[in-house]
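Which chain is which? The protein sequence lines are A, B and C, in order. Going from the first sequence to the numbering used here is simple: count from 1 and add 567. Going from the second sequence to the numbering used here is simple: count from 1 and add 1. Going from the third sequence to the numbering used here is simple: count from 1 and add 32. Beta carbons are placed, not taken as given, at the ideal position from N, Cα and C, and that holds for glycine. Every value quoted in this text rests on a predicted model; they were computed, and no experiment measured them.
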Amino acid sequence: MARQTANREPVADADAAPAPRENREWQWSLGIGVVILALIGTVPLLGDQSVLSLWTFILMYCVLAQGWNFIGGFAGRAAFGNVAFFGIGAYTVSLLLLQNKPFWLGLTLAPIIAGLFAFLLGLPVLRLRGHYFAIATLGIAEALGEIVQAKNIGAPAGEISLTPPDLNFKVSNALFFYGFLVLSLLTLLGTTWLTRTRFGYALVAIRENEQAAESLGIATYWYKVSAFVFSAVPTAIAGGLFAYWQLSFDPVGEGGAFDVTISVAMILMTFAGGAGTIVGPILGAIIIEYLDQYTSIAFPTFHGPLLGLLIILVTIFLPQGLVRLIQELQRNPAGVKQSYPMRVKQGVRRVTRFILSNGI
Amino acid sequence: MAQYVVDWILLGCFYAAIGLGFSLIWGIMNIVNLAQGSLVILGAYVAYWSYTLLHLNPFLGILVAMVVVFCIGYAIQYVIINRVIRAPILVTFMLTFGLDLLISNVLQAVFTGGYRAINTPYSGAAVNVLGAHIPLLNVAVAAIAVALTALLSLFLSRTRLGNAILAVGMDREASQLMGIGIANTYALTFGIGAALAGAAGGMLAMTLQFSPIFTGQYTLFAFVIVALGGLGTPWAALAGGMIFAFAEVFGPLLPGVGFGLDTAIAFAVLVLVLILRPNGLLGKPFYS
Amino acid sequence: MSLSVRSCSSLASHLRSQWRTVAQNAVHMVRGSRRNWRAPLPIVAMLVLILPAALAACGGSGGASSGSDTLVFGAPVSLTGSLSHEGTDTLNGYQLWAEQVNAAGGIKVGDKTYKVKIKYYDDASSAQKSAQLTKQLITSDKVNFMLGPYGSAATLTDEVIAQQYQIPMVEGNGAAQAIFKKNNPYIFGVLSPSPEYAGAMIKAALALPNPPKTIAIINANDSFSTEVADAAKTLAASSGMDVVYSQSYPANATDLSGVLTQIKTSASGGAPDMIVGSGHEGEALTTLKQAKQLGIDPKLWAFTVGPALPDFATTLGGDANFVIGSSQWTPQVKYQGEDLFGTAAKYEQLYKAKYNAEPSYQAAESTACGLAFQSALQKAGSTDPQKVRDALKGLDITTFFGPIKFSASGENDTKPMVTIQIQSGQVVTVYPSNVANATFQYPTPPFGQR
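Here is the structure:
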């Protein structure tokens, strides 16, 4: 879709930027991201455990969406199996806890194992293109969940039940909240750093045109494998935190550690916020997860269909995500000085054109 | 052993029916239709009601299900999916996920999550061959599945409409220049894919039972089946169904495997197949 | 395509140095120009500022209903997803109880009378979500007491939260023993524990004049079904039955032909005398449908979950006849309750009047949860959660559902289960003989002759 945007107004962009200048966009994005996370960080002060729990889920999905953003948003691969890393993290931590090993050990091993897994898995599957990559990753995640269930890993049918940490539950809930917050912040910094490096540019180039990138001497294959590992690491840590926070969970089925809908949630959130942007995944996770929880509380009987309708509307009318929508409304491609309302008006026209151009 | 072979062939044909429509939609329009399972269950309901309310023969019920689900599929594509058809694959993926959520939840709200099935007087009929028990109803269903595969193949290769669909699948812009109405052709394609899902639903209602709870499971089956077989020809779906059923029937017989690893075995096979033959077993590189 | 044009032209001269420029241009094309980035800041900041505030506000207003003389009972139930069918019955059971209590004037606690209200949410069949909603119910909605969710998985996650907030939870839809092994003094289950599920049916079969001698046991591999199957194997073996085949299969399997093909030849004379399936309704239906297709005809079919549900017989038609099942409760049980329903027949009548359907045992056991609370509240003479918990611990009553008396771990282990059979499409009770309203029909004729 990005290339189509470029198609319509390439001249302005190309002419306005004959040589890349130092751009400050990343500073704004990082700043906004940090402010958002800092604001979320005040949630425990409200003292309400259900609100805290809701925002812990939101932060967890922030991390998952940010993790997916590396392989899906920047490298543009249709990865459907990232929940596999989440599950690996959850089960690594759980299995070690069940053997009375410390939590930090599990939390350290989880990203290492998941990263290694992503590397070894990425070697064959990242040679696949388009859908076939999607299918293979989805299949690996499904198969892992099935193996855990069929081989009774950790417990009969893999149904884990852990003893809670030896702490007041309010303290431990707050600790898990801040655990996810720090993880999300670190991932945000990682993402920002990524956009400033050769590595990040290479990924974007791969997304936009893999052959062109290859012909320019970018080792596309290894960049993709690295991006896959990058997306596995925070996802696995989130899985580990989730395991000890939730205490009991199943491998498959609704809400399970290998549940495909978690993969779908990562993708949906990243898309709603803006794939390949710095703050997009965070915004997407906040909005989608909040709406999901809100509708299930406000409309217990209808929230399924409502959520379905919401997804349909978002994908039709917000195909580029929120961040890109705001950027588009702010853009001034002609470089001419014009009034703010005028610019927004043109932005609306461009966005409408873009939405229409997706259809036939 | 003969019994396992019979189980395998009958199951494989039924799976092929589930994958057929999915394969067409994916191959022609590049849409991974996550609402396929919902359409299967929708078809099962149509067949069920035409049997219980109108007392139609359940085999005619399959036809009714195909017609009704075709119309619904046509409308879905024309009104909704056509709006994002040019967007990247993930966008249509999310859209159909939303559709699945919508359809399956509405079905649950209207019909509850309870199970239903069509019980025909001849459902127990069977013959014994070489010690294997062959249920005739399942044989009939398998025959319909193979017939649908053959008909779809003939339709695509021998009719103007089918050729138009194939042409649009190969090159959208070029076929538009040739005067093919894209919006309509796409809606037809999705309608036919949906009708095939509806047929599979009718078969499901006759041979097993159904409930709106399991829509996701049938979507996943379709996904695996089509991925195993490959895109681009209806026969690939049949091959995919056969491979998946093979993993399911014979996999547990291997020492140390046991039940419960069907999907794992199927995907292990799949990943191997994809690495060796990146377009599936029988597939052609339609899209990439 | 401007990207590829640019790449081609730059390729010739600066092959390695230029790629960064190209990539950066790609970034710019996607993102737009680099200026004008300040404007979204206020929008985004406002959005983030508003969200927690809005949430706190909505959470706060949600619980306002617990006025001075209404007791609010929280219930996370599965209204959508894979457990929606049973979850809806659970909610029906809770609501019927609340309606009847209010119609009778309310619950008299000490010298005050309280009306009751059920505050429920849909957990979409996810245990994870159920836990989140339990927190919502306790902390934001400030419910007085908790009623259980549907299923063992959700009960396991929710009981932990009830314990953290020291709110008693009475549940009627989680039978796994793990629920009661957590030393949680706030969880009470009114249903008979899991070993009873298969135990009731095997005892019924053994009481037959010419009991089955060989038995095959298949189970879904979730922890509840596995517990039931293990108890069944032990009981069958110790009662002198020959366990010729046992096998677990993945929960929610849609094809069981492999397992059934193995059963077909497991006993020396072909199929075993009795086949027990421990799993879920869908698997029980698949087992029978595929057994018919494979021509497997044991003398007795037994399923822990399924036959008691109203749609079991309608889905299978004639093939459902002769199948036995275990049930926590049937409208035929003959308890003389001291509760506001009194008898099972009265309950059936009221349930039918409200929902226009036969009550399933899931509905009855959910209603029984409410009755346990009602008794405990009256006994405690206080709405204080601790006092109510203590009253629940010492509860010993008989209801339309059966006796309710909790063990130290919170299980209702004195209540027996009943064995039901489907006869001419109707569910009848065949065992134990003191509650039976029909004779046990045995052996089962082959498929097609039922």
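Does the CB of R161 of chain B have a neighbour CB from chain C at under 9 Å?
Translated into positions along the second sequence, residue 161 of chain B becomes position 160. It does not; no Cβ of chain C falls within 9 Å.
Taking 8 Å as the cut-off, does the stretch 157-177 of chain B touch the stretch 38-58 of chain B (at least 3 CB pairs, one atom from each stretch)?
Taking 8 Å as the limit for Cβ pairs, the verdict is that the stretch 157-177 of chain B does not touch the stretch 38-58 of chain B.
From B:F112, B:A45, B:I82, residue whose alpha carbon lies closest to that of N31 of chain B:
Position 30 of the second sequence, counting from 1, holds the residue named residue 31 of chain B. Comparing Cα-Cα distances from N31 of chain B to each of B:F112, B:A45, B:I82, the minimum goes to B:I82.
Closer than 9 Å at the beta carbon, the chain B residues around V692 of chain A
Within the first sequence, numbered from 1, the residue matching residue 692 of chain A stands at position 125. Going along chain B in sequence order, the residues near V692 of chain A (Cβ under 9 Å) are V272, L275, I276.
Could you tell me the boundaries of the beta strand (DSSP E) in which M178 of chain C lies?
For the purposes of this step, residue 178 of chain C is taken as the residue at position 146 of the third sequence. 177-179 is the span of the beta strand (DSSP E), which, as asked, contains M178 of chain C.
By the criterion of Cβ-Cβ separation under 7 Å, what are the contact partners of Y116 of chain B in chain C?
For the purposes of this step, residue 116 of chain B is identified with residue 115 of the second sequence, where counting begins at 1. Chain C residues near Y116 of chain B: E313, G314, L317, D343, T347.
Cβ contact check for the stretch 61-70 of chain B and the stretch 86-94 of chain B: 3 or more pairs under 8 Å:
Cβ pair count under 8 Å is below three, so no.
Simplified DSSP assignment, three categories, for P253 of chain B:
Mapped onto the second sequence, residue 253 of chain B falls at position 252. The answer is helix: DSSP assigns P253 of chain B an H, G or I state.
Shorter than 9 Å from the beta carbon of N134 of chain C to some beta carbon of chain A?
The residue labelled residue 134 of chain C in the question sits at position 102 within the third sequence. Using a Cβ-Cβ cut-off of 9 Å, N134 of chain C does not count as an interface residue toward chain A, since no Cβ of chain A sits closer than that to its own.
At the 9 Å Cβ level, is I150 of chain C part of the contact set with chain A, yes or no?
In the third sequence, residue 150 of chain C corresponds to position 118, counting from 1. No, its Cβ sits nowhere closer than 9 Å to a Cβ of chain A.
Which whole-angstrom value describes the C-beta separation of R278 of chain B and F211 of chain B, a residue pair presumed to lie in contact below a C-beta threshold of 8 Å?
Translated into the one-based positions of the second sequence, residue 278 of chain B becomes position 277. Translated into the one-based positions of the second sequence, residue 211 of chain B becomes position 210. Wrong, their Cβ atoms sit about 34 Å apart, outside the cutoff.
Chain C contact for D733 of chain A (CB, 9 Å cutoff)
Locating residue 733 of chain A in the first sequence gives position 166, where the first residue counts as 1. Look at D733 of chain A: its C-beta is not under 9 Å from any C-beta on chain C.
Under a Cβ-count criterion, where at least 16 other Cβ atoms within 10 Å of its own Cβ denotes burial, should K213 of chain C be classed as buried or exposed?
Within the third sequence, residue 213 of chain C is the residue found at index 181, counting from 1. It is exposed - the Cβ of K213 of chain C has fewer than 16 other Cβ atoms within 10 Å.
Give me the residue from B:F251, B:P213, B:G257, B:A248 with the minimum Cα distance to L102 of chain B.
Counting from one through the second sequence, the residue named residue 102 of chain B turns up at place 101. Nearest to L102 of chain B by alpha-carbon distance, out of B:F251, B:P213, B:G257, B:A248, is B:P213.
Does any residue of chain C have a CB that is nearer than 9 Å to the CB of A786 of chain A?
As a working mapping, residue 786 of chain A is identified with position 219 in the first sequence. No, no contact with chain C.
Strictly below 8 Å CB to CB, what residues from chain B border E709 of chain A?
The residue given as residue 709 of chain A occupies position 142 in the first sequence. Here the neighbours are L221, T264, A265, F268.
To be precise: take each residue of the stretch 287-314 of chain C, compare its Cβ to all Cβ atoms of chain B, and keep it if any distance is under 8 Å. Which residues remain?
Result list: D287, S289, G290, V291, T293, K296, E313, G314.
Closer than 9 Å to chain B by CB, A269 of chain C
Walking along the third sequence from the start, residue 269 of chain C turns up at place 237. Chain B contact via Cβ: absent.
Under DSSP, the beta strand (DSSP E) around A412 of chain C begins and ends at which residues?
Within the third sequence, numbered from 1, the residue matching residue 412 of chain C stands at position 380. Looking at the DSSP string, A412 of chain C is not in any beta strand (DSSP E); the run it does join, the alpha helix (DSSP H), is 393-412.
Just the chain B side, please: which residues come within less than 8 Å of N925 of chain A by C-beta, in chain order?
Mapped onto the first sequence, residue 925 of chain A falls at position 358. By Cβ distance, chain B contributes R84, V85, I86, R87, A88, V92.
What residue does the alpha helix (DSSP H) around H117 of chain C start on, and which one ends it?
Locating residue 117 of chain C in the third sequence gives position 85, counting from the first residue. Looking at the DSSP string, the run of the alpha helix (DSSP H) that includes H117 of chain C is 116-135.
Can you find a CB in chain B that lies within less than 9 Å of the CB of Y281 of chain C?
Within the third sequence, the letter at position 249 stands for residue 281 of chain C. Taking Cβ atoms only, chain B reaches closer than 9 Å to Y281 of chain C, which makes this a yes.
For L21 of chain B, which residues from the same chain have a beta carbon less than 7 Å from its beta carbon, with the 5 sequence-adjacent residues on both sides left out?
For the purposes of this step, residue 21 of chain B is taken as residue 20 along the second sequence, with counting starting at 1. Once the five neighbours on either side are set aside, the close Cβ partners of L21 of chain B are L149, T150, L153, L197, P235, A238.
Round the Cβ separation of L11 of chain B and N139 of chain B to the nearest angstrom and send it over; I've been treating them as touching at under 8 Å.
Locating residue 11 of chain B in the second sequence gives position 10, where the first residue counts as 1. Locating residue 139 of chain B in the second sequence gives position 138, where the first residue counts as 1. Sure, about 5 Å apart at Cβ, within 8 Å.
Taking any Cβ of chain C, which residues in the stretch 904-915 of chain A have a Cβ under 7 Å from it, in chain order?
Within the stretch 904-915 of chain A, not one residue has a Cβ closer than 7 Å to any Cβ of chain C.
For Y146 of chain C, report the span of its beta strand (DSSP E) as first-last.
Indexing the third sequence from 1 puts residue 146 of chain C at position 114. First-last of the beta strand (DSSP E) with Y146 of chain C: 144-154.
For I86 of chain B, does the three-state DSSP call read helix, strand or coil?
As a working mapping, residue 86 of chain B is identified with position 85 in the second sequence. In this structure, I86 of chain B counts as coil in the three-state DSSP scheme.
Beta carbon of A839 of chain A nearer than 9 Å to that of I849 of chain A:
Walking along the first sequence from the start, residue 839 of chain A turns up at place 272. Walking along the first sequence from the start, residue 849 of chain A turns up at place 282. For A839 of chain A and I849 of chain A, no; Cβs fall outside 9 Å.
Can you tell which of B:S176, B:G182, B:V227, B:I181 has its C-alpha closest to the C-alpha of G194 of chain B?
Along the second sequence, one-based indexing puts residue 194 of chain B at 193. Nearest option by C-alpha distance: B:V227.
If you drop the 5 nearest sequence neighbours on each side, which residues of the same chain put their C-beta closer than 6 Å to that of Q4 of chain B?
Start at 1 with the first residue of the second sequence, and residue 4 of chain B comes out as number 3. Setting aside the 5 residues that flank it on each side, Q4 of chain B is surrounded in the same chain by A133, each with a C-beta closer than 6 Å to its C-beta; the list follows chain order.
My assumption, with CB atoms under 8 Å, is that L262 of chain B sits in contact with E775 of chain A. Please give the rounded CB distance.
What you label residue 262 of chain B is simply residue 261 of the second sequence in a count that begins at 1. What you label residue 775 of chain A is simply residue 208 of the first sequence in a count that begins at 1. That pair is no contact at about 40 Å.
Could you please give me the residues that DSSP links to V275 of chain C through a beta bridge?
The count along the third sequence starts at 1 and reaches residue 275 of chain C at position 243. Under DSSP, V275 of chain C shares a beta bridge with C:I247.
Report the neighbours of L96 of chain B on chain A: residues whose CB is nearer than 8 Å to its CB, in chain order.
Here residue 96 of chain B refers to the residue found at position 95 of the second sequence. Those within 8 Å of L96 of chain B in chain A are I878, I879, T882, I883.
Separation of Y907 of chain A from Q913 of chain A, as counted between CA atoms
The residue given as residue 913 of chain A occupies position 346 in the first sequence. The residue given as residue 907 of chain A occupies position 340 in the first sequence. If you take the alpha carbons of Q913 of chain A and Y907 of chain A, they lie about 10 Å apart.
Nearest residue (CA-CA) to M243 of chain B, options B:L271, B:G99, B:F260, B:P256:
The residue you call residue 243 of chain B lines up with position 242 of the second sequence. Looking at the Cα atoms, B:L271 is the closest of the given residues.
Roughly how many whole angstroms lie between the Cα atoms of T415 of chain C and L409 of chain C?
In the third sequence, counting from the first residue as 1, residue 415 of chain C sits at position 383. In the third sequence, counting from the first residue as 1, residue 409 of chain C sits at position 377. For the pair T415 of chain C and L409 of chain C, the Cα-to-Cα distance works out to about 6 Å.
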